[in-house]
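Once you know that position 66 of the sequence shown is 110 in the numbering used here, the rest is easy, because the numbers rise by one and skip nothing.
Idealized CB from N, CA, C, for every residue including glycine.
Every value quoted in this text rests on a predicted model; they were computed, and no experiment measured them.
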Amino acid sequence: MHLEHPAEEAVCRLLRSRASHGTFRSFSVRRLRGQLAFSFVWLRERPFRLVFNADRSRLEFRDVLPNLPAKEPMYKDLRRFVKGRCDAELPEHRRIAPERLRVKSRNRKGSVTLSVESLDADWDYAVSKALKFVNEVFLGFLRGPYHEYMVKNLGEPED
45 MHLEHPAEEA VCRLLRSRAS HGTFRSFSVR RLRGQLAFSF VWLRERPFRL VFNADRSRLE
105 FRDVLPNLPA KEPMYKDLRR FVKGRCDAEL PEHRRIAPER LRVKSRNRKG SVTLSVESLD
165 ADWDYAVSKA LKFVNEVFLG FLRGPYHEYM VKNLGEPED
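1) Taking the Cβ atom as the reference point for each residue, do Cys130 and Ala114 lie within a distance shorter than 9 angstroms?
2) Would you mind working out which of Ala54, Val55, Arg90 and Val73 sits nearest Asn179, comparing C-alpha positions?
3) Kindly indicate the opening and closing residues of the alpha helix (DSSP H) around Leu183.
4) Rounded to a whole number of angstroms, what is the C-alpha to C-alpha distance between Arg139 and Ala132?
5) Rounded to whole angstroms, what is the Cα-Cα separation between Val195 and Pro110?
6) From Leu59 to Pro117, what does the alpha carbon distance come to, in whole angstroms?
7) Can you find at least 3 beta carbon pairs, one from the stretch 119-126 and one from the stretch 142-152, that sit closer than 8 angstroms?
8) If you reduce the DSSP assignment to three classes, tell me which class Ser61 lands in.
9) Ordered along the chain, which non-local residues of its own chain (more than five positions away) have a Cβ less than 7 angstroms from that of Glu53?
10) Taking the alpha carbon of Val55 as the reference point, which residue from Ala170, Leu183, Tyr193 and Glu143 has its own alpha carbon closest?
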């Protein structure tokens, strides 16, 4: 595949490296309407779709949380959690530097997309923090109070 932008080369290299080290399984990449679309199996053996838009410096984990209406209290809690990833009180290894990355959640028809926009084009930092961010949503935010959601929508075992 021809990569049209240096940022595409960097992001593709970083994600392929994670796949080769066993972080992801069934890793693939294709071009989709001028963007790179990555597919892989990751957390809890779930398929993930990550779309990279080099022109917007944005990594988007598409439809990562299904069946979550925007008016649900859980989605409001998620938005607070996302905003809190930039809190100076968090340890540095868990914190996202707001001067370097912008993190967002978007809810379209009850399906949540999580995105990370690089403000400084440091792709090592952006990819690393994007993966940690999504990991924290699954292992931090969803754990405990949203176990029932995980069972119903993400294939989490009931016990």
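In short, the structure shows the following:
1) Not a contact, by the Cβ cut-off of 9 angstroms.
2) Measuring C-alpha to C-alpha distances from Asn179 to each of Ala54, Val55, Arg90 and Val73 identifies Arg90 as the nearest.
3) Note, Leu183: premise wrong, no alpha helix (DSSP H); not H, not E.
4) A straight-line Cα-Cα distance of about 7 angstroms links Arg139 and Ala132.
5) A straight-line Cα-Cα distance of about 12 angstroms links Val195 and Pro110.
6) Roughly 33 angstroms between the two C-alpha positions.
7) The stretch 119-126, when compared against the stretch 142-152, does touch it at the 8 angstroms Cβ threshold.
8) Note: Ser61 maps to helix in three-state DSSP.
9) Contacts found: Leu47.
10) The closest CA to that of Val55, considering only Ala170, Leu183, Tyr193 and Glu143, is found on Ala170.
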